[in-house]
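Okay, structure first, notes after.
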Amino acid sequence: MTGSPPVAVSWCGFLTVKRCDQSLKNDIFAGVQTPATVFLESHDITYQAHPYDHDPGAASFGIEAAEKLGLDPDVVFKTLMARLDDDRGELVVAIVPVTHKLDLKALARAAGGKRARMAVVAHAERSSGYVAGGISPFGQKRGLRTFIDETAEICETIYVSGGQRGFDIGLSPADLIESLGAVVAPLATV
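Here my numbering is used: the sequence shown runs in plain steps of one and ends on residue 193.
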């Protein structure tokens, strides 16, 4: 192998990458390089790559990820997009545990809006650059205000989409919050 040695790469069932030679990254990910991983690497954020065999027929992509990766579903978070106030209102990102639903009233309160509703899938895909079920909070085409449920702060590591179905990334919630300027608020409901 040529080039600079990896700064931090380890293998313990999962891959952890801090920063390493580009050729090594390409070999390791073998096609699992996404705008999300590019964002994380460009911000020097340590993360774990968790590819898995995605079933397109899965009822819940988040629960599927938890099951296939052997994770507690409470630490796997979904990235949702909502629109504030009306059809032309601001798009925002909301991150909540896959075991819960997004409380749209709580999101509107946290965002300073009157109300919120889920974004039309086509609008979410166009704005983020990702397909539904694979929307990552990182590396989106347009930087949107981001809100994350307060339960993330009690986790050592949380898992979010890595930018495609069948690929999650694990990282410190503090790194997610800081790198995205995310607002922490009570957003989840059962």
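Virtual Cβ for every residue (Gly too), placed ideally from N, Cα, C.
As the structure is a computational prediction, the values presented were derived from the model and not from experiment.
Closest by C-alpha distance to residue i, when choosing among the options
i	options	result
glycine 132	Thr102, Gly184 and Gln167	Gln167
leucine 147	Thr102, Val99, Leu87 and Arg118	Leu87
serine 164	Gly137, Pro38, Lys117 and Val193	Gly137
leucine 179	Glu70, Glu153, Gly116 and Lys117	Glu153
valine 186	Ala69, Ala127, His126 and Ile151	Ile151
serine 63	Ala135, Thr149 and Ile157	Ala135
alanine 188	Arg145, Lys117, Ala113 and Cys158	Ala113
threonine 149	Gly92, Glu70 and Ser182	Ser182
valine 193	His57, Leu107 and Ser130	Leu107
alanine 39	Arg145, Ile157 and Glu159	Arg145
cysteine 158	Arg129, Leu74 and Glu44	Leu74
Burial state of residue i (16 or more Cβ within 10 Å)
i	result
alanine 122	buried
lysine 104	exposed
histidine 46	exposed
valine 96	buried
isoleucine 48	buried
lysine 81	buried
isoleucine 98	buried
alanine 33	In this prediction, alanine 33 scores a pLDDT of 48, lower than 50, which makes its location untrustworthy; no coordinate-derived value is stated.
glycine 116	buried
proline 140	buried
alanine 125	exposed
asparagine 29	Caution is warranted here: a pLDDT of 39 is assigned to asparagine 29, below 50, making its placement in the model unreliable, and no coordinate value can be reported.
Cβ pair residue i, residue j closer than 7 Å
i	j	result
alanine 155	proline 176	yes
glycine 142	phenylalanine 42	yes
valine 78	isoleucine 161	yes
glutamine 36	glycine 173	no
proline 54	isoleucine 66	no
aspartate 171	alanine 61	no
Contact belief for residue i with residue j at Cβ below 8 Å, rounded distance in angstroms
i	j	result
arginine 94	methionine 84	In the sequence as presented, arginine is not what sits at residue 94; that position holds leucine. Right, the Cβ-Cβ distance comes to about 6 Å (below 8 Å), so this counts as a contact.
alanine 119	alanine 111	4 Å
aspartate 56	glycine 169	7 Å
(message) Give the list of continuous alpha helix (DSSP H) stretches no shorter than 4 residues that lie fully inside the segment 108-159.
(response) Fully enclosed alpha helix (DSSP H) runs of 4 or longer: 124-131.
(request) List in chain order: all unbroken beta strand (DSSP E) runs of 3+ residues lying wholly within the segment 34-75. (result) If one requires a minimum length of 3 residues, the beta strand (DSSP E) runs lying completely within the segment 34-75 are 50-54, in chain order.
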